[in-house]
Amino acid sequence: MKLSIFHTPELTPAVTTADCAIAVDVLRATSTMVTALSAGAEAVQVFSDLDELLQVSAAWLPDKRLRAGERGGAKVEGFDFGNSPLDCTPERVGGRRLFISTTNGTRALQCVQAAPTVLAAALINRNAVVDYLVENQPKTIWIVCSGWEGSFSLEDTVCAGAIAHSLLTRLSCSLVDLAGNDEVTGAVALYEQWQADLLGLFHHASHGQRLLRLACHEDLDYCSRTDTSDILPIQREPGVLVNSKQLALAH
Ligand code: 3SL
Numbered sequence: 167m168k169l170s171i172f173h174t175p176e177l178t179p180a181v182t183t184a185d186c187a188i189a190v191d192v193l194r195a196t197s198t199m200v201t202a203l204s205a206g207a208e209a210v211q212v213f214s215d216l217d218e219l220l221q222v223s224a225a226w227l228p229d230k231r232l233r234a235g236e237r238g239g240a241k242v243e244g245f246d247f248g249n250s251p252l253d254c255t256p257e258r259v260g261g262r263r264l265f266i267s268t269t270n271g272t273r274a275l276q277c278v279q280a281a282p283t284v285l286a287a288a289l290i291n292r293n294a295v296v297d298y299l300v301e302n303q304p305k306t307i308w309i310v311c312s313g314w315e316g317s318f319s320l321e322d323t324v325c326a327g328a329i330a331h332s333l334l335t336r337l338s339c340s341l342v343d344l345a346g347n348d349e350v351t352g353a354v355a356l357y358e359q360w361q362a363d364l365l366g367l368f369h370h371a372s373h374g375q376r377l378l379r380l381a382c383h384e385d386l387d388y389c390s391r392t393d394t395s396d397i398l399p400i401q402r403e404p405g406v407l408v409n410s411k412q413l414a415l416a417h
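Quick note: to get the working numbering, add 166 to the position in the sequence shown (first position is 1).
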């Protein structure tokens, strides 16, 4: 198994050669997707373009869909939700499809949607992701961090490091054997330094600070908790992610 980490969609090779691609946007898109599926959403469908989201979701009955739109951390006017995982309660999302477009996270998913397997990871479902990788043993894995508008982000890299760190233990392999690029070694070191204070790291992160200015303290706290959800979002068709347990039942 070889793991490579890319810090942004822009740094990710245009042609995906990974057997398994994992998109990460800890603050907050992939944390929101995990939470929506955990609360019983039928699926999550991702868009980089807001107009396309409105057009595609218009074909769905209003009581079967929810539209989530975020730009610059704030909710887009006219949408049902912004991008807070805490909005995804069973009462609000149960049985509905979440159509979502965010500044960076949905772009990360779209840039690897051609991979044979596409997963969404956050700190809250780190273990579910690692369980899948240990069980299925894909030869080549890419973790694509969302970053912020083309720049590196601490919170996504620490999550990539948390996944790599856990794989090293579970597979009893060395960093040299696992790492497909230098970013893996850097991400593991970042995680090792901050694993006991991930919320503290979020307070240093530029996007964490942006969200704090928008009074999203509870979101930061929620997204910093590791291994609290056993939900694994997996792509069923390009751009559409479902709970992996649902996909297993269908086969
Ligand atoms: O960048 C993104 O895709 C978002 O997750 C940003 S935010 O946390 O909703 O502000």
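Glycine included, every Cβ here is placed at the ideal spot set by N, Cα and C.
For this session: Enumerate in chain order the residues of its own chain whose CB-to-CB distance from Thr392 is below 6 Å, with the five nearest sequence positions on each side excluded.
Result: Close CB contacts of Thr392 within its chain, under the 6 Å cut and outside five residues either way in sequence, are with Leu289 and Arg292 (chain order).
Exercise. Is any heavy atom in the ligand 3SL found nearer than 6 Å to the beta carbon of Glu176?
Worked result: Shortest gap from the CB of Glu176 to any heavy atom of the ligand 3SL: 6 Å or more.
Problem set entry | Distance, Val242 Cα to Asp348 Cα | If I take the Cα positions, the gap works out to 37 Å.
Exercise. Is it true that the CB of Gly352 sits closer than 7 Å to the CB of Ser312?
Worked result: For Ser312 and Gly352, no; Cβs fall outside 7 Å.
Problem set entry | For Glu257, the first and last residue of its enclosing alpha helix (DSSP H) | Looking at the DSSP string, the run of the alpha helix (DSSP H) that includes Glu257 is Pro256 to Val259.
Problem set entry | Gly235 beta carbon near the ligand 3SL (any heavy atom closer than 6 Å) | Checking every heavy atom of the ligand 3SL against the Cβ of Gly235, none is found closer than 6 Å.
Exercise. When a residue counts only if its C-beta is closer than 5 Å to some heavy atom of the ligand 3SL, which residues count, in chain order?
Worked result: After applying the 5 Å Cβ criterion, the set is Asp191, Leu193, Arg194, Ala195, Glu236, Gly239, Asn249, Thr268, Thr269, Asn270 and Gly271.
Exercise. Taking C-alpha atoms, which residue in Asp385, Tyr357 and Ala207 lies nearest to Lys411?
Worked result: Looking at the Cα atoms, Ala207 is the closest of the given residues.
For this session: State the beta-bridge partners of Leu232 as determined by DSSP.
Result: Note: Leu232 sits in a beta bridge opposite Leu264.
Exercise. Does the separation of the CB atoms of Leu227 and Ser267 fall below 7 Å?
Worked result: Contact: no.
Exercise. Would DSSP call Lys411 helix, strand or coil?
Worked result: DSSP places Lys411 in helix when its eight states are reduced to three.
For this session: Leaving aside the five residues before and after Leu203 along the sequence, list all residues of the same chain whose C-beta is less than 6 Å from its C-beta, in chain order.
Result: Ile397, Pro399 and Asn409, listed in sequence order.
Problem set entry | Arg233 vs Arg263 beta-carbon contact at 7 Å | In this structure, Arg263 does not lie closer than 7 Å to Arg233 by Cβ.
Problem set entry | C-beta atoms of Val278 and Ala187 nearer than 7 Å | Yes. Within cutoff.
Exercise. Where does the unbroken alpha helix (DSSP H) through Arg273 begin, and where does it stop?
Worked result: Gly271 to Cys277 is the extent of the alpha helix (DSSP H) around Arg273.
For this session: Could you tell me the boundaries of the alpha helix (DSSP H) in which Cys311 lies?
Result: If you look at Cys311, you'll find it isn't in any alpha helix (DSSP H); it sits in the beta strand (DSSP E) that goes Thr306 to Cys311.
Exercise. For Ala209, does the count of other Cβ atoms within 10 angstroms reach 16, so buried, or fall short, so exposed?
Worked result: Residue environment for Ala209: buried (at least 16 other C-beta atoms within 10 angstroms of its C-beta).
Exercise. To the nearest angstrom, how far is it from the Cα of His229 to the Cα of Asp246?
Worked result: Per the sequence shown, the amino acid found at residue 229 is Asp instead of His. The alpha-carbon atoms of Asp229 and Asp246 are separated by roughly 12 Å.
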